[in-house]
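Asker: Quick note on the working numbering: the sequence shown kicks off at 9 and runs consecutively.
There's a structure below that I have some questions on.
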Amino acid sequence: MDVAAQGERLAADLGRWLAEVTFVDLDTDDVTARIIDAVARWGQARGWRVYRRAPSVVPLPPPMQQRHSVLDVACARPDGPPVVIEVDHTDRARTVQKLTAEADAGRIPIVGARGASAASPRRHLRCGW
């Protein structure tokens, strides 16, 4: 199976997993934390090594350019390229830039986005719920 097909399958699978996540009366930070926890459990349930706040290939902007941005979750898979997931409720330019760089580095980028109507940036898979 090619990488694009793997990515589509993984995004759909993660979307089904996240459909079980519920949140009521939580602020944005708490909702994001709950979703990141669920994404980490999804990767662990598949037997993958899961890293929270994993280093990205993208450096931080000046004056911190010697340090790297972080990803919400990264999953190392023994049978394919790593999967990197950013949880966001908007298409922030920095998120799009980061996931584009991750795709260029051979990783499968997924945006875990709240709201099924959000559009997917080119080359990024979106699992919405």
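A virtual CB, placed ideally from N, CA and C, is assigned to each residue, including glycine.
Can you name the residues that DSSP bridges to P67?
Answerer: Per DSSP, H76.
Asker: Less than 7 Å separating the beta-carbons of V81 and A48?
Answerer: A contact, by the Cβ cut-off of 7 Å.
Asker: Determine the contact status of L18 and V95, defining contact as a CB-CB distance below 7 Å.
Answerer: Taking 7 Å as the Cβ cut-off, L18 and V95 do not qualify as a contacting pair.
Asker: Where V65 and D45 are concerned, what is the direct C-alpha to C-alpha distance, given to the nearest angstrom?
Answerer: For V65 and D45, the distance between alpha carbons rounds to 23 Å.
Asker: So does the stretch 104 to 111 actually touch the stretch 61 to 76, counting three or more Cβ pairs closer than 8 Å?
Answerer: The stretch 104 to 111, when compared against the stretch 61 to 76, does touch it at the 8 Å Cβ threshold.
Asker: Buried or exposed, going by whether 16 or more other CB atoms sit within 10 Å of the CB of L79?
Answerer: With 16 or more Cβ atoms within 10 Å of its Cβ, L79 is classed as buried.
Asker: Using the three-state DSSP reduction, which class does R115 fall into: helix, strand or coil?
Answerer: Coil at R115, not helix or strand.
Asker: For V47, which of helix, strand or coil comes out of DSSP?
Answerer: Here V47 sits in helix by DSSP.
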